[in-house]
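Enquirer: In the UniProt record's numbering, the protein residues as written are 1 to 138. Quick one: the structure is below, questions incoming.
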């Protein structure tokens with residue numbers, strides 16, 4: 001599931017999330033916890049396909065809209081922001097909010113590896129190259 005997510009978002013250069021007027025969808029982590037308190041950290045779910053995101057538009061997320069995010073923006077702004085905020089990334093969650101979870105830094109490393117493996121061209125807003133992003137973040 002995780003590897004497929006990475007391959008799809010690099011190939012299509014988009015990621016999907018759910019967002020209402022105030023915030024992106026969020027749920028508690030099943031895998032990552034605050035060391036001092038034992039509380040679950042927040043997870044922002046993302047999907048590689050719009051139909052997968054649509055399957056989660058129910059219950060507390062029924063009023064959330066699907067938001068399409070360019071891969072470059074996801075890498076440059078979302079991954080860096082989630083890392084700074086100590087938020088985990090939910091990967092292709094199903095309607096039961098079950099799916100893989102990963103840290104933003106590991107996800108970014110894996111996306112970069114796939115971009116390099118596939119020789120995919122990508123342009124950033126604040127970085128001149130993939131190498132510069134890697135050196136800044138990792």
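Just so you know, even glycine gets a beta-carbon here, dropped at the ideal spot from N, CA and C.
Would you call the segment 120-129 and the segment 14-30 in contact, with 3 or more CB pairs under 8 angstroms?
Expert: no
Enquirer: Jot down the residue ranges of each uninterrupted beta strand (DSSP E) in the segment 38-91, minimum 3 residues, whole runs only, in chain order.
Expert: You should have 40-46, 65-70, 88-91.
Enquirer: In terms of residues, what are the limits of the alpha helix (DSSP H) holding residue 118?
Expert: For this step, residue 118 is matched to residue 118 along the chain shown. Counting along the chain, the alpha helix (DSSP H) containing residue 118 begins and ends at 104-118.
Enquirer: When the distance is taken between beta carbons, is residue 68 closer than 8 angstroms to residue 14?
Expert: If you number the chain shown from 1, residue 14 lands on position 14. If you number the chain shown from 1, residue 68 lands on position 68. Result yes, Cβ atoms of residue 14 and residue 68 sit closer than 8 angstroms.
Enquirer: Reducing DSSP to helix, strand and coil, say where residue 19 ends up.
Expert: Taking the first residue of the chain shown as 1, we reach residue 19 at position 19. Under the three-state reduction of DSSP, residue 19 is assigned to strand.
Enquirer: Please go through the same chain and pick out, in chain order, the residues whose beta-carbon is closer than 6 angstroms to the beta-carbon of residue 2, but skip the five residues on each side of it.
Expert: On the chain shown, position 2 is the one that residue 2 refers to. Correct list, in chain order: 91, 100.
Enquirer: Start and end of the beta strand (DSSP E) containing residue 5?
Expert: Taking the chain shown and counting its residues from 1, the one referred to as residue 5 is at position 5. It is not in any beta strand (DSSP E) - residue 5 instead sits in the alpha helix (DSSP H) that spans 2-12.
Enquirer: For the beta strand (DSSP E) containing residue 32, list its first residue and its last residue.
Expert: Translated into positions along the chain shown, residue 32 becomes position 32. First-last of the beta strand (DSSP E) with residue 32: 27-33.
Enquirer: Have a look at 114, 49, 78, 27 and flag the residue whose alpha-carbon is nearest the alpha-carbon of residue 137.
Expert: By 1-based counting over the chain shown, the position of residue 137 is 137. Minimum Cα distance to residue 137 is reached at 78.
Enquirer: Any beta carbon from chain B within less than 8 angstroms of residue 53's own beta carbon?
Expert: The chain inventory of the structure shown lacks chain B, comprising one protein chain alone.
Enquirer: Taking the C-alpha atoms as reference points, what is the distance between residue 83 and residue 102?
Expert: Here residue 83 refers to the residue found at position 83 of the chain shown. Here residue 102 refers to the residue found at position 102 of the chain shown. Using only the alpha carbons, I get a separation of about 11 angstroms.
Enquirer: Starting from the C-beta of residue 93, find all residues in its chain whose C-beta is less than 7 angstroms away, skip the five residues before and the five after it, and write them out in chain order.
Expert: Here residue 93 is taken as the residue at index 93 of the chain shown, counted from 1. Correct list, in chain order: 45, 56, 99.
Enquirer: Classify residue 28: buried if its beta carbon has 16 or more other beta carbons within 10 angstroms, exposed otherwise.
Expert: For the purposes of this step, residue 28 is taken as the residue at position 28 of the chain shown. Around the beta-carbon of residue 28, fewer than 16 other beta-carbon atoms lie within 10 Å, marking it exposed.
Enquirer: Just mark residue 17 as buried or exposed, buried being the case when its beta carbon has 16 or more other beta carbons within 10 Å.
Expert: Within the chain shown, numbered from 1, the residue matching residue 17 stands at position 17. Buried is the call here.
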